[in-house]
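Worksheet: one structure, shown below.
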Amino acid sequence: MTAPLADIANAATLPGKDAESHWSAATATPCCRESLNETERQTLETLAFSHGEAPESYDVLISSGSVLMSPCGGAALSVLPHLKYWHMPGGILAPDELKPQVVDWLQEISQQQRKTIAVYNVNPEHMPLFLEAGYEINKLGEEPVLDLGEITWKGKDFEWVRRQTNYCQRAGLEISEFVDEEERVGLAEEMLEVMTEDLSTRSFSHPLRLLEGEFDPHALFRRRLFLARHGGTGRIEGFLACSPMLNGRRWAFETYRKRSDAPRGTIPFLFRTVVDKLQEEGVEQISLCLVPGKGVNHTPVPKAGYWMARWSLNLWYTRLNFLFNAQGQNYFKSRFRPRYVDRFICVTPKSTPISISSFLYVMGGFSPNVPNVMKNLWNSLRSEIPTS
């Protein structure tokens, strides 16, 4: 790592122009997250909480992998290295005024160390920084977001949400936020049991890294956890973990799981209840998290990206629902009438078939649950999900 993380806590100002010469690209080295001490981890948490703008930005606190710090100590990036490829989910954790320098620095690292660097889930506001620096730009998908302030759940558009809510209330479900540390630790195993049960029928029996959030009930930090429990038995039927972005002005509904025999509508009931609570608290926006591959052929990027990346992501969304359930995700999230925001992958120097294979490897795409894949393929042939 190029600078001690603890130094960030003492940094009162951002580096000026004179600091640019000290940003060595040749010696920039990611540090294993497991080696961070408590002070360093807390400092990293502050960066993720304050400057994270992607749903998975906060995952840098709990997931395995590495972290790359800028020499000034004012910026951090999550790094999942594989061969000569550095995959960076969650974007740049830094103040906006520092991001142009970080973008240039990453490009220098790529050139001097012969690395291919891919930054994932870049928003439309910051994509031009990468474009101007000469990065290859590919659309990754679309992120459904809810702009809070006037959501009332009234009207025909929200009839389905109201129906799911009423069903769960009649079934005796109650939603509560988990704030007691001792109680959370005591129920951690039950939450892991719910998560395992939810994943047991999917084509991948594990969250897909780079695209899906990771959940550890023992390490929430400033994440918020909401439970759906049966009022009579107290059994946990489902849960929703929310990750903070931009000092808590925005939150991401990143991890949500339910039991296989949970009452119908458990997750929609959780979503509606938590949306109402966050809206009352004055939160500006909720992210329902990226839908990979959605609209990749419908939104032209300012600079032509890599055709194979675009083709692969379109195939992911339109033909491989039995594997990744992207259309199913979109159909469910569309029920909440979100606004969709384009998200991009920014790569330097360029994507190749090998870099795409590296992405699939790091994501966990080469380790499916084969029996579930065959079952889900058969089910997908018998059903049709709207793709719009």
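If you count by the numbering used here, then the sequence shown holds residues 1142 to 1529, one letter each, in order.
Glycine residues also receive a C-beta, built at the ideal position from the N, C-alpha and C atoms.
Cβ atoms of residue j and residue i: under 8 angstroms apart, would you say?
i, j, result
"leucine 1387", "glutamate 1186", "no"
"valine 1220", "phenylalanine 1477", "no"
"phenylalanine 1473", "valine 1415", "no"
"proline 1479", "leucine 1429", "yes"
"arginine 1174", "serine 1198", "no"
"glutamate 1277", "lysine 1491", "yes"
"glutamine 1254", "alanine 1167", "yes"
"methionine 1504", "leucine 1351", "yes"
"tyrosine 1261", "methionine 1229", "yes"
"leucine 1270", "proline 1241", "yes"
"asparagine 1438", "arginine 1451", "yes"
"alanine 1274", "glutamine 1248", "yes"
"valine 1488", "alanine 1312", "no"
"phenylalanine 1485", "valine 1263", "yes"
"serine 1496", "threonine 1257", "yes"
"proline 1222", "proline 1171", "yes"
"isoleucine 1250", "alanine 1169", "yes"
"leucine 1287", "glutamine 1426", "yes"
"serine 1524", "tyrosine 1226", "no"
"isoleucine 1316", "leucine 1188", "no"
"serine 1549", "proline 1212", "Since the displayed the chain opens at 1142 and closes at 1529, residue 1549 lies outside it and no answer follows."
Can you find the residues in the same chain that come closer than 7 angstroms, C-beta to C-beta, to residue i, ignoring five residues on each side of it along the sequence?
i, result
"glycine 1434", "Gly1282, Leu1454, Asn1455, Trp1457, Tyr1458 and Ala1467"
"histidine 1192", "Leu1234, Ala1235 and Pro1236"
"phenylalanine 1507", "Leu1501"
"glutamate 1378", "Leu1314, Ala1369, Arg1370, His1371, Lys1399, Arg1400, Ala1403, Pro1404 and Thr1407"
"alanine 1382", "Phe1356, Arg1364, Leu1366, Glu1395 and Thr1396"
"glutamate 1324", "none"
"tyrosine 1447", "Glu1277, Asn1279, Lys1491 and Ser1492"
"arginine 1413", "Trp1294, Val1302 and Thr1306"
"glycine 1373", "Gly1313"
"isoleucine 1203", "Glu1355, Asp1357 and Ala1360"
"serine 1207", "Pro1171, Cys1172, Cys1173, Arg1174, Val1220 and Pro1222"
"leucine 1272", "Ile1278, Pro1443 and Lys1444"
"valine 1243", "Ser1211, Ala1216, Ile1233 and Ala1235"
Label residue i either buried or exposed according to how many other C-beta atoms from any shown protein chain fall within 10 Å of its C-beta, with 16 as the threshold for buried.
i, result
"valine 1511", "exposed"
"aspartate 1483", "buried"
"proline 1441", "exposed"
"proline 1404", "buried"
"asparagine 1178", "exposed"
"lysine 1444", "exposed"
"glycine 1327", "exposed"
"asparagine 1114", "The first residue shown for the chain is 1142 and the last is 1529, placing residue 1114 beyond what the model contains."
"arginine 1460", "exposed"
"histidine 1267", "buried"
"valine 1320", "exposed"
"tryptophan 1534", "As shown, the chain starts at 1142 and ends at 1529. That puts residue 1534 outside it, with no answer to give."
"proline 1494", "exposed"
"leucine 1224", "exposed"
"glycine 1231", "buried"
Who are the near neighbours of residue i in its chain, counting only those whose CB is closer than 8 angstroms to its CB and skipping five residues on each side?
i, result
"asparagine 1462", "Gln1468, Gly1469, Ser1521 and Ile1526"
"glycine 1406", "Arg1304, Gln1305, Thr1306, Tyr1308 and Cys1309"
"leucine 1333", "Pro1358"
"glycine 1354", "Pro1196, Glu1197, Asp1200, Pro1348, Ala1382, Ser1384, Ala1393, Glu1395, Thr1396 and Cys1430"
"glutamine 1530", "Given a span of 1142 to 1529 for the chain in the structure shown, any question on residue 1530 remains unanswerable."
"arginine 1343", "Asn1466, Asn1510, Asn1513 and Asn1517"
"glycine 1436", "Lys1280, Gly1282, Glu1283, Tyr1481 and Asp1483"
So, for residue i: in the same chain, excluding its five sequence neighbours on each side, which residues have a beta-carbon less than 6 angstroms away from its beta-carbon?
i, result
"tyrosine 1481", "Glu1283 and Pro1285"
"phenylalanine 1190", "Arg1363 and Pro1385"
"leucine 1340", "Ser1346"
"leucine 1464", "Ser1344"
"glutamate 1318", "Phe1367"
Is residue i near the ligand NAD, in the sense that its beta carbon is under 7 angstroms from a heavy atom of that ligand?
i, result
"leucine 1522", "Looking for the ligand NAD in the displayed structure turns up nothing, as the structure carries no ligands at all."
### Query
Hey, is the region 1292–1309 in contact with the region 1387–1401, meaning 3+ C-beta pairs nearer than 8 angstroms?
no
### Query
Along the chain, which unbroken stretches of the beta strand (DSSP E) at least 3 residues long are found entirely within the region 1388–1451?
1391–1399 and 1426–1428
### Message
Report the start-end ranges of each beta strand (DSSP E) in the region 1275–1333 that is 3 residues or longer and not cut off at the edges.
### Response
1277–1288 and 1314–1319
### Task
Ignoring anything shorter than 3 residues or poking outside the region 1185–1249, list the beta strand (DSSP E) runs there in chain order.
1207–1210, 1217–1223 and 1226–1229
### Query
Quick one: complete beta strand (DSSP E) runs, 3+ long, within the region 1461–1502?
The beta strand (DSSP E) runs of length 3 or more contained entirely in the region 1461–1502 are, from start to end of the chain, 1480–1489.
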